[in-house]
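These notes concern the structure reproduced below.
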Amino acid sequence: MYVYPFNIRDGSVNYSFYSVFNALLLILFIVDLVMSFALILNFISNTGKTKIFIYIGSIISAGITGGIVTGTLGGTNKFKINEIELAYSNLPPDFNGFRILQISDIHLGNINDQDKLIKKAIKLIENADHDILVFTGDLVNNFYYETEEYLNLFRELTSCCPSYSILGNHDYGDYTYWKSDTDKKSNFDAIISAHETMGFKLLRNENRVIKNKNDSIFIVGVENWGHPPFPQYADLDKALEGITAGSFTVLLTHDPAHWESCIENKKDIELTLSGHTHGLQWGIKIAGIPFSLAWLTRKYWGGLYSSYNSHLYVNTGLGTIGLPWRIDMPPEITLITLKRVEVD
Numbered sequence: 001m002y003v004y005p006f007n008i009r010d011g012s013v014n015y016s017f018y019s020v021f022n023a024l025l026l027i028l029f030i031v032d033l034v035m036s037f038a039l040i041l042n043f044i045s046n047t048g049k050t051k052i053f054i055y056i057g058s059i060i061s062a063g064i065t066g067g068i069v070t071g072t073l074g075g076t077n078k079f080k081i082n083e084i085e086l087a088y089s090n091l092p093p094d095f096n097g098f099r100i101l102q103i104s105d106i107h108l109g110n111i112n113d114q115d116k117l118i119k120k121a122i123k124l125i126e127n128a129d130h131d132i133l134v135f136t137g138d139l140v141n142n143f144y145y146e147t148e149e150y151l152n153l154f155r156e157l158t159s160c161c162p163s164y165s166i167l168g169n170h171d172y173g174d175y176t177y178w179k180s181d182t183d184k185k186s187n188f189d190a191i192i193s194a195h196e197t198m199g200f201k202l203l204r205n206e207n208r209v210i211k212n213k214n215d216s217i218f219i220v221g222v223e224n225w226g227h228p229p230f231p232q233y234a235d236l237d238k239a240l241e242g243i244t245a246g247s248f249t250v251l252l253t254h255d256p257a258h259w260e261s262c263i264e265n266k267k268d269i270e271l272t273l274s275g276h277t278h279g280l281q282w283g284i285k286i287a288g289i290p291f292s293l294a295w296l297t298r299k300y301w302g303g304l305y306s307s308y309n310s311h312l313y314v315n316t317g318l319g320t321i322g323l324p325w326r327i328d329m330p331p332e333i334t335l336i337t338l339k340r341v342e343v344d
């Protein structure tokens, strides 16, 4: 149902055209679906009360359309900061109270007024007290030039503290046609360079030690890993090389499917941070519990999950892809505070 650009486009062409077109397609599809259902009910009931079913179908269609329009016009700029605390018995004492700020899935170039949205996000992030910043992938949709307008803005964002990033599935340029492998590699190399210019320390199957006073922890970043058709470039064993046994470890991996398949039962990775899902960019709350249809396709789609002494947090992203809305699934900034607990 969705329409994507298959050819390399001029940098002045924005993804908003494709996003809006996809949104209109989906609205028309939903309206037709609801109205068809109403007409089927009328046919089955055989009461002749056609208007009743048509009125009901029209009201439902209007409600759905209204929700989509609201999500398109306002849902993408209502940022939400989710604060959580995670307790560990093996957290080094000097890291008690250490705060990690996570952002994910920015998808530069996808919508209009991106400059305004990025500035709003930067202001919120700057006002949030944190010790390091991590970005868990999908900086762009496909092309390096989507970063060009925002290099200095991100320098401002990363200047306040150590900042680390990884690549997401969209950062490899796999979703467009390239005239040659050389063109694709040049685009990829430019995206890598953009991370560095923005002030991120890009982790590609590698780790860094983070020191605080007399103690240290490790931050690990891997390349994208996902179930087919998503690529599997991650090399976790390589990324963990040199980390001493018993060290507290934070892993950045874009797709939470990686945690489910390869990491969930590993006891040497205490915290994994992911993104990718966007929470399908819409959700509802049932009895106060967030829910999204993303649950139908993946077990871990948003929020906090635990397995033994290991935690996974899935950030539902700042940007959008495919469709230009966020319906009760606001752009997310996550602030994680690490706490040390004593064990008797």
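Residue numbers (our numbering): 1 to 344. Cβ coordinates follow ideal geometry from the N, Cα and C atoms, glycine included.
**Asked** Using the C-alpha atoms, what's the distance from Val209 back to Ala245?
**Response** 14 Å
**Message:** In the DSSP output, which residue or residues are listed as bridge partners for Leu312?
**Reply:** Thr272, Tyr305
**Asked** Under three-state DSSP, which class holds Arg340?
**Response** strand
**Message:** For the pair the region 139-152 and the region 264-281, tell me if three or more CB-CB distances fall below 8 Å.
**Reply:** no
**Prompt:** Candidates Asn127, Asn187, Ile166: which alpha carbon is nearest Glu206's?
**Reply:** Ile166
**Rounded C-alpha distance that separates Glu196 from Asp189** = 11 Å
**Request:** Quick one: grab the DSSP three-state call for Phe95.
**Result:** helix
**Message:** Could you tell me the alpha carbon to alpha carbon distance between Glu146 and Gly109, rounded to whole angstroms?
**Reply:** 5 Å
**Prompt:** Straight-line CA distance for Ser163 to Ser261?
**Reply:** 27 Å
**Request:** Please classify Leu280: does DSSP put it in a helix, a strand, or coil?
**Result:** helix
**Prompt:** What span of residues does the beta strand (DSSP E) with Thr249 cover, start to end?
**Reply:** 249-252
**Asked** Taking Cβ to Cβ, would you say Ile122 is nearer than 8 Å to Leu318?
**Response** no
**Asked** For Val343, does the count of other Cβ atoms within 10 angstroms reach 16, so buried, or fall short, so exposed?
**Response** exposed
**Asked** Under 8 Å, do Gly199 and Arg155 count as touching if we go by C-beta distance?
**Response** yes
**Three or more C-beta pairs below 8 Å linking the region 82-93 and the region 320-330** = no
**Prompt:** Just how far apart, CA to CA, sit His254 and Tyr233?
**Reply:** 11 Å
**Backbone CA spacing between Ser159 and Ile219 [nearest angstrom]** = 19 Å
**Request:** Can you tell me the Cβ-Cβ gap for Lys184 and Gly173, rounded? I've got them flagged as a contact below 8 Å.
**Result:** 5 Å
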